[in-house]
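Counting in this note's numbering, the sequence shown runs from 6 upward without gaps. First comes the structure, then the notes that go with it.
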Amino acid sequence: MSSNHTNNHHRQRYSEMTSHNSSINNNDHVYQTGKLTSIILLAGSTSLALLGCQSSPALSSSAVSKSMMDFSTADSVQSQAQGRAFNASLTAKSERYQQLFDQEKYPNTDNQAKSHLLAAIRQHLATEHVAVAQANYQTVPFIDPDSIDAGSSSLLRTIIEAYAYEPEDLDSDYLDSAYSESGSNDKYDNDDSYDDSELAEAGDAIAVDEAVIVEDSAYASAAESDYEQEGYTADNYDEYGYDTEDYEDSDYNDRNGGILSGVSNLKPKTLLKNYEAMQMAKPQSEAVAQESQPASSTGIIGQMLSMFHRTPEQIAASNAYQYQNLTFNSVSQYKPKQRQLQSVYSYDYVTPTISSSVQIPLAFDFNNSSITVDPSAIMPIVALVNPENTPLPNQMTSHTVRFGLPESIAVQLPPAVLYDAAISAIQSSMAELAPEHFSAVDIRHDAFAKEVGASRAVKVYFGSQQSGEMIGKTLKYMTKSLQDYVDANPQKYPDGAMLKTALAKVQLYNKGYQSADVGALLQLIEAIGPISFNQINYYYLDSSDRLLAKQQRVNIGGDLMGSTTTMLNQVRYDKSSFNNHALTPLLTESFGTNAKAAIDGNAWMAEQRQQKDRLQAARYARYDYQDGSLENDYSSDEYESSHSTDAVDESRFGDANDNEK
């Protein structure tokens, strides 16, 4: 039977049943009509309510029939048409599913921003470029004055203050109660009641007490043997090894600030009571201003917290007199083929009346396993440690010194291999970060983007979770790269080699944690520690995904310090800014093609060691000379006899007197 015939048959039966029921229930026609109307209205309102929750319109019956296979018919043409419709429906459904979850083939906005940035970073690290950076600093209160948290302390600070809290009248109340329990006479409570007779009686009592103390000490020394015979040693330990004084002096230690005096304060109930008393003792204005308790109630811990905590006035003064005039500048030149990085860093403080600058050239050469630095900045410190062997500035043939790794270390782990492993690990680790940490930003109103001529910008957020994950992934990638290098050179690293053994142990430990666990650990430190940190990076690209500039914002601070210090670092990678910068001539003078050859720091250190060895050998030689030859030539008896006062020739004094006459 065909489906059309079946449907007609059902409709016919339905019409017959409807007419039959209408004839039977003709009397309830009005009631049924009202009930049907109510059901229709309820269904309509429900459909309207659920309409906003649907992501796509409901499929019609015709659409369902086209996508479903009808196996009740034997028509080959109809079956083929339904099969094609069924396959097309599966294909469309699969494509829609892939668009939702396959971010490589159908990337969303975050994935597109991530892919653009990774391409720019790979190109940037593979080509030679220059950089000009300038960092500025600013301090703001840790909690905004308009925030709902204003006037509230962090949980860590609250616990510390509650633990260290001691009411001001605690000591006096304790002494009064102890004095009253000792059975003192009321006549001693008033200073005016003392007379000479009472003082005399007190003196006699003191004398009697001294006699009792002497008698007790004698009794204790006489009874020591009996004490040991009962199973106790002279150190107050019984035969089972228990200290008998622990049970007697525990209360005394708690009252007098012993080692375990604050253990009871760690109880939750005690902390809550201390917190309530501490808050009740605070003035209202003081609570609003987030001031700590006086030093008398919180002790030295409260003094330290108050010393670390900065007031809004101190923060404003730091910005006005320090950070507003302070900048950290640098120029750098990066050569990836030579694996070289040459930079000049400058710490400048400029005001209308004061100007100071500390400039330090610094260069890394991973191919030659060396580092070149200007020692003028650390020369005063070296002069304090080793003043005799520190050269003066006019004695140096060049203002840079080159230090190289010892040959034994460079052979075991070449810095070039370590450099390649680090660069590759950073790129691979960033590629594994979740796309939601990368976001495209609108730069139409970004002044810095207009200055560098950027077409797009990508924002990357690095909190404690992302930073820890990057650290864990970078460590694992570097270990894998070094392991591949060791496996590729078996003749250089046989079984038992130090590097091979160390890498095997690190690989073993790397299997016991995931990179996200390092991020969770940093989050835990940030939650319970007195510091909170995060950094936000903005990368500015051109239309061809070339990195033009970078802006980095780092926030460091905490409630214990009461402030957050923000470091804003802007880096430009254009040659125009590099050529016109004031530090570029110093970079060329220090590391350019016509720069003076750097002083060999390894030879200088070897000469210092040789001189120190010679001085030590000479000192030991003098010790041997004094203890050996002098002792053989002049014995102690001869020395004493020759220098004895009895052996002085008195005739010499007579001759001297005659000469004076």
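For glycine and all other residues, C-beta sits at the position ideal for the given N, C-alpha and C.
Query, Result
"Contact the stretch 339-347 vs the stretch 370-389: 3+ CB pairs below 8 Å", "yes"
"Minimum C-alpha distance to residue 600 - residue among 406, 609, 418", "406"
"Environment of residue 604 [buried if 16+ CB atoms lie within 10 Å]", "buried"
"Nearest-angstrom beta carbon gap, residue 577 and residue 554 [assumed within contact, 8 Å]", "5 Å"
"Chain-order list of residues whose beta-carbon lies under 7 Å from that of residue 641 (same chain, five-residue window excluded)", "Confidence at residue 641 is low in this model, with a pLDDT of 48, below 50, so its placement is unreliable and the value that follows should be read with caution. Cβ within range, chain order: n/a, list empty."
"Span separating the alpha-carbon of residue 170 from that of residue 530", "25 Å"
"Residues sharing a beta bridge with residue 433, DSSP", "Partner(s): none; residue 433 has no beta bridge."
"Residue 411 versus residue 580: straight-line alpha-carbon distance, rounded", "36 Å"
"Alpha carbon of residue 99 to alpha carbon of residue 523, nearest angstrom", "37 Å"
"Alpha carbon of residue 536 to alpha carbon of residue 561, nearest angstrom", "7 Å"
"Beta bridge counterpart(s) of residue 145 as assigned by DSSP", "569"
"Contact under 8 Å by Cβ, residue 484 with residue 145", "no"
"Residue 410 in three-state terms, based on DSSP", "coil"
"Nearest-angstrom Cα separation, counted from residue 584 out to residue 133", "15 Å"
"Same chain only: Cβ atoms within 7 Å of residue 533, ignoring 5 sequence neighbours per side", "161"
"Contact between the stretch 388-398 and the stretch 440-447 (3+ Cβ pairs under 8 Å)", "no"
"Beta-carbon contacts of residue 512 that lie in its chain and below 7 Å, excluding the five residues immediately before and after", "484, 488"
"Simplified DSSP assignment, three categories, for residue 153", "coil"
"Inter-stretch contact (C-beta, 8 Å, three-pair minimum) for the stretch 452-469 and the stretch 539-551", "yes"
"8 Å CB neighbourhood of residue 518 in its chain, flanking five on each side removed", "477"
"Straight-line gap, residue 79 to residue 106 (C-alpha atoms, nearest Å)", "39 Å"
"C-alpha gap between residue 317 and residue 278, whole angstroms", "30 Å"
"Cut-off 8 Å between Cβ atoms - residues of its own chain near residue 234, not counting five sequence neighbours on either side", "Model confidence at residue 234 stands at a pLDDT of 45, short of 50, so the residue's coordinates are unreliable and nothing is read from them."
"Span separating the alpha-carbon of residue 92 from that of residue 122", "39 Å"
"Per DSSP, the bridge partner or partners of residue 159", "Note: residue 159 sits in no beta bridge, so no partner."
"Same chain, Cβ closer than 6 Å to residue 380, five either side skipped, listed in chain order", "406"
"Top-ranked residue by Cα proximity to residue 377, from 157, 608, 110, 596", "596"
"Check whether residue 375 and residue 408 have beta carbons under 8 Å apart", "yes"
"Under 8 Å between C-beta atoms of residue 335 and residue 311", "no"
"Pair within 8 Å by beta-carbon distance, residue 387 and residue 366", "no"
"Residue 596 in three-state terms, based on DSSP", "helix"
"Span separating the alpha-carbon of residue 141 from that of residue 556", "12 Å"
"Euclidean distance between Cα positions of residue 549 and residue 347", "27 Å"
"C-alpha gap between residue 435 and residue 504, whole angstroms", "27 Å"
"Cα-Cα separation, residue 136 to residue 287", "53 Å"
"Residue 118 beta carbon less than 8 Å from that of residue 444", "yes"
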